[in-house]
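J.:
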């Protein structure tokens, strides 16, 4: 389990990002919802250690919080695709050559994912020449092969077509069945309803509440002025 306690982070324009209390369980999919600028991506970056906080604590599986612990348990899919120069295959080869990740899926599993996402004929292409949707497939596959207990997904399907979205949603459900913890930032409320067990609703750099998904979409979604 992951626990946040009394987190405070200074933001621009003298604003503060705060989390008083948040607990995340294994085997749950959490949809993180809110307007642009509400703090959704910041929450993921804090948990992955990309950005620092001034006070408070994060505890991962009762082991504390540092770079080693984060990389032991967590993989991160940022909004923007991150890649090295060279071909798609070069980027995958780099992971297997230089990664110290003991949980990394084997090359056979990688090849199955490449085929499932329709990238098998693109391995020799310079990754910069791939479309945004194809690069998004690469990034999602890379996140999967890390094979971590907690997966942070920051709008992973924003540039994907409908068929690919169906594959990704199936993968997220499979991860849940394997008792993984998934944090999914999305602006697609219907997708959040399909996938999530709980909703973390954010506003003005704060968590308004953590809801059971069925309650959120039954009551809050239709009775509050989210869109106004």
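Residue numbers (the UniProt record's numbering): 1 to 228. Virtual Cβ for every residue (Gly too), placed ideally from N, Cα, C.
1) To test your reading of the DSSP string, which unbroken beta strand (DSSP E) runs of 3 or more residues are found completely within the segment 87-172?
2) Any chance the segment 42-51 sits against the segment 90-108, with 3 or more Cβ pairs inside 8 Å?
3) Please name the residue or residues paired with residue 10 in a DSSP beta bridge.
4) Reducing DSSP to helix, strand and coil, say where residue 189 ends up.
5) According to DSSP, residue 199 sits in a beta bridge with which residue or residues?
6) Residue 127 to residue 71, Cα distance in whole Å?
7) Of the choices 192, 143, 186 and 197, whose alpha-carbon is the least far from that of residue 74?
8) Keeping to the same chain, check which residues put their C-beta closer than 7 Å to that of residue 34; ignore five residues upstream and five downstream.
9) Could you tell me the alpha carbon to alpha carbon distance between residue 96 and residue 156, rounded to whole angstroms?
10) Just curious, the alpha helix (DSSP H) that residue 85 is in, first and last residue?
11) Decide yes or no for the touch test of the segment 52-65 against the segment 130-145: beta carbon pairs closer than 8 Å, at least 3 of them.
12) Mind checking residue 14: buried by the 16 CB within 10 Å criterion, or exposed?
13) Is it true that the CB of residue 3 sits closer than 8 Å to the CB of residue 59?
14) Evaluate the contact criterion for the segment 180-191 versus the segment 207-215: three or more CB pairs, one atom per stretch, below 8 Å.
15) Taking its Cβ as the centre, do 16 or more other Cβ atoms sit within 10 Å of residue 187, making it buried, or is it exposed?
16) Can you give me the start and stop residues for the alpha helix (DSSP H) that residue 41 sits inside?
17) From residue 8 to residue 81, what does the alpha carbon distance come to, in whole angstroms?
18) Counting C-beta neighbours from all protein chains within 10 Å, is the total for residue 32 16 or more, i.e. buried, or is it exposed?
19) Using a Cβ-Cβ cutoff of less than 6 Å, which residues in the same chain neighbour residue 124 once the five nearest sequence positions on both sides are dropped?
20) Residue 160 and residue 192 look like a contact to me (Cβ under 8 Å); what is the Cβ gap, rounded to whole Å?
T.: Once the coordinates are examined:
1) Whole beta strand (DSSP E) segments, 3+ residues: 150-154.
2) Flag = no, the segment 42-51 and the segment 90-108 do not touch.
3) According to the DSSP secondary-structure assignment, residue 10 is paired through a beta bridge with 16.
4) DSSP places residue 189 in the helix class (H, G or I) of the three-state scheme.
5) The partner list for residue 199 (beta bridge, DSSP) reads 31 and 211.
6) Residue 127 and residue 71 have their C-alpha atoms some 25 Å from each other.
7) Taking only the C-alpha atoms, the option nearest residue 74 is 143.
8) 40, 201, 202 and 203.
9) Each residue's CA atom was taken as its position, placing residue 96 and residue 156 some 22 Å apart.
10) No alpha helix (DSSP H) holds residue 85; DSSP gives it neither H nor E.
11) Contact between the segment 52-65 and the segment 130-145 is absent: fewer than three C-beta pairs spanning the two stretches fall below 8 Å.
12) So residue 14 counts as exposed.
13) Yes, the Cβ-Cβ distance between residue 59 and residue 3 is below 8 Å.
14) No, the segment 180-191 is not in contact with the segment 207-215.
15) When all chains shown are included, residue 187 counts as exposed.
16) Looking at the DSSP string, the run of the alpha helix (DSSP H) that includes residue 41 is 40-48.
17) Spanning the two alpha carbons is a distance of roughly 28 Å.
18) It is buried - the Cβ of residue 32 has at least 16 other Cβ atoms within 10 Å.
19) If the five residues before and after residue 124 are omitted, its C-beta is found closer than 6 Å to the C-beta atoms of 87, all from its own chain and listed in chain order.
20) The distance from the Cβ of residue 160 to that of residue 192 is about 16 Å, inconsistent with a contact at the 8 Å cut-off.
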